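In order, the protein sequence lines correspond to chains A and B.
Just so we're aligned, residue 1 is where the first sequence starts under full-length UniProt numbering, counting upward by one.
Just so we're aligned, residue 1 is where the second sequence starts under full-length UniProt numbering, counting upward by one.
For each residue, glycine too, the CB sits at the ideal point set by N, CA and C.
This structure is a prediction, so every number in the text was calculated from the model and none was measured.
Take a look at the structure below.
Number of protein chains: 2
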Amino acid sequence: MLDSFKTYFQSKTNLTDEQFLSITDTLQSKKVEKGTVLLHQGDICQHSFFVSKGLLRSYTIDENGKEHIIQFAAENWIISDRSSSYFNEPSELFIDAIEDTEIVFIDKKFINAAAEISISFREQDNTALHNHIRQLQKRVNLLLGATAEQRYLDFITIYASLTLRIPQWMIASYLGITPETLSRVRKELAKRNFKPY
Amino acid sequence: MLDSFKTYFQSKTNLTDEQFLSITDTLQSKKVEKGTVLLHQGDICQHSFFVSKGLLRSYTIDENGKEHIIQFAAENWIISDRSSSYFNEPSELFIDAIEDTEIVFIDKKFINAAAEISISFREQDNTALHNHIRQLQKRVNLLLGATAEQRYLDFITIYASLTLRIPQWMIASYLGITPETLSRVRKELAKRNFKPY
DNA sequence: TTCATTTCTTATCCTACATCAATGCATCTG
DNA sequence: CAGATGCATTGATGTAGGATAAGAAATGAA
């Protein structure tokens, strides 16, 4: 599973094998069971998690005990709480495993070392930040204006490959609606003969 | 008004006067009237706008012709569409002036030049990106879970100094509610003897 | 000033979505 | 395999906030 991270990483940053090897000493990989919590609200986020196999999610829990899913991360995605990590402050987020998953733990030492030896890593990281902003802004925009149905349709086109793996109540949580409403939306779409797959 | 940008910029990046001077050739400042549109949806965003005096906003217009305000920027703030600018793609956003305002137009040449000569600029820019992400994520979270009233209360504490300058219907648009609802929320708060100022 | 335009409020009715509750299925687990 | 647990669906009912309309108040222009 470290291999798949290496492949991923080199595809993004053009580091040589030697360069990559020279900074991997703090990288750890681990298999975790479905349900394992990797980051708790209140903790300071010390790692980014690269998913080599499986599925993770990040979410908040509000004063009423309700979960709000912020993000999903399947194979070849990295998930973390960048704010907490960068500003060294307690995280708002939980991160846990939706499926049994194989993870590479990326710590700050690795990030810093990579940034030091590679321009392309820095560029890549910058691009990732911009992508993240773009994605969040689009989501804000949808939450401001779109109906439950529109948001769901947007979700299944963007995350087509994940829609079957993620339980519906989590999709509902991501969309900001209840599972019951999502069920009704889907029923309505089916009635209108909509075929997602 | 270039001066106020210089002050702002040096407070964030520790460039010397000479360094700053050496890259200012493409900077332009301009006064624009209330209502002036600085960026149109569909355009590629070529500048960031530094506000030395006045107030700008960015917003989208959806299929039904409804505005959704994404951001406000008053004195000593920079506003732009980073995604459009960075990825060189058509912007989703409009940016226009809520008040008569004095603006410094910052183009990519300036940014690139600054990044080239100053580590602290790069760091500062990176911090700004992380702040942006943190702010957007918080907003997503509020939109997913909080009531109109909670969102309004959050707004007036965070943007206390702006609440009196921004028309209520724009605040409503930022919060994702109608002006009528905001009016009712305010009435309710007043009844419960809530004192914002 | 005065007239016009924009913004804010209020009132009535309406709808999208939430809440609550019950049932049917899967799937785990001992 | 029987029971427990979790998830999706469905139905009945409630509600926050939207739509519409109209008047009041503020702002602005002439």
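In the DSSP assignment, GLN28/A falls outside any alpha helix (DSSP H) and within the unbroken beta strand (DSSP E) covering 28-32. When rounded, the separation of the alpha-carbon atoms in GLY35/A and SER58/A is 12 Å. In this structure ALA148/A is not in contact with LEU189/A, their Cβ atoms being roughly 11 Å apart against a cut-off of 8 Å.
When the Cα atoms are used, THR101/B and VAL140/B turn out to be separated by approximately 29 Å.
Using beta-carbon distances, ASN141/B counts as an interface residue toward chain A, with a partner under 8 Å. Approximately 4 Å separates the beta-carbon atoms of SER173/B and ILE69/B; this is inside 8 Å, confirming the contact. The C-beta of ARG151/A has 16 or more other C-beta atoms within 10 Å across all chains shown, which makes the residue buried.
Contacts with chain B at 8 Å (Cβ-Cβ) include GLY145/A.
Taking a beta-carbon distance threshold of 8 Å, PHE20/A does not count as an interface residue toward chain B.
Bounds of the beta strand (DSSP E) holding ASP96/A are 94-97. At a C-beta separation below 8 Å, ASP100/B has no neighbours in chain A, since its nearest C-beta there lies roughly 27 Å away. Secondary structure at THR101/A: strand, using DSSP grouped into helix, strand and coil. Around the Cβ of SER183/A, a 10 Å sphere holds fewer than 16 other Cβ atoms; the residue is exposed. Residue environment for ALA114/B: buried (at least 16 other C-beta atoms within 10 angstroms of its C-beta). Sorting THR157/A, LYS138/A and LYS6/A by C-alpha distance to the C-alpha of ASP62/B places LYS138/A at the top.
Identification of residues in the segment 40-70 of chain A having a C-beta nearer than 7 Å to some C-beta of chain B yields THR60, ASP62, LYS66, HIS68 and ILE70, given in sequence order. Across the structure, ASP125/B and PHE5/B are spaced so that their CA atoms are roughly 15 Å apart. With 16 or more other CB atoms across the displayed protein chains lying within 10 angstroms of its CB, GLU92/B is buried. Per DSSP, the continuous alpha helix (DSSP H) segment holding ILE158/B begins and ends at 148-158.
Here ALA74/B carries a coil assignment [DSSP, helix/strand/coil]. Under the three-state reduction of DSSP output, PRO167/B falls in the coil class, being neither helix nor strand. The beta carbon of ARG151/B sits no closer than 8 Å to any beta carbon of chain A. The beta-carbon of GLY35/A is placed no less than 8 Å from the nearest beta-carbon of chain B. For ILE111/A, the closest Cβ of chain B is not nearer than 8 Å. For ARG57/A, the pairing in a beta bridge is given by DSSP as PHE72/A and ASP96/A.
Contacts between TYR86/B and chain A, judged by CB atoms closer than 7 Å, involve HIS130 in chain order. SER11/B has its alpha-carbon roughly 17 Å from the corresponding atom of SER22/B.
When the Cα atoms are used, ASP107/B and MET170/B turn out to be separated by approximately 28 Å. For LEU2/A, the enclosing alpha helix (DSSP H) covers residues 2-13. Here LEU55/B is not near ARG122/B, since their CB atoms are 8 Å or more apart. A residue is called buried when at least 16 other Cβ atoms come within 10 angstroms of its Cβ; THR13/B meets this threshold and is buried. With contacts defined by Cβ atoms closer than 8 Å, PHE87/B and HIS130/A form a contacting pair. Counting the other CB atoms within 10 Å of its CB gives SER52/A a total of 16 or more, which places it among the buried residues. GLN19/B has its alpha-carbon roughly 11 Å from the corresponding atom of GLU116/B.
Counting along the chain, LEU39/B sits inside no alpha helix (DSSP H); it lies in the beta strand (DSSP E) bounded by residues 37-39. When the beta-carbon positions are compared, ASP96/A and LEU27/A stay at least 8 Å from each other.
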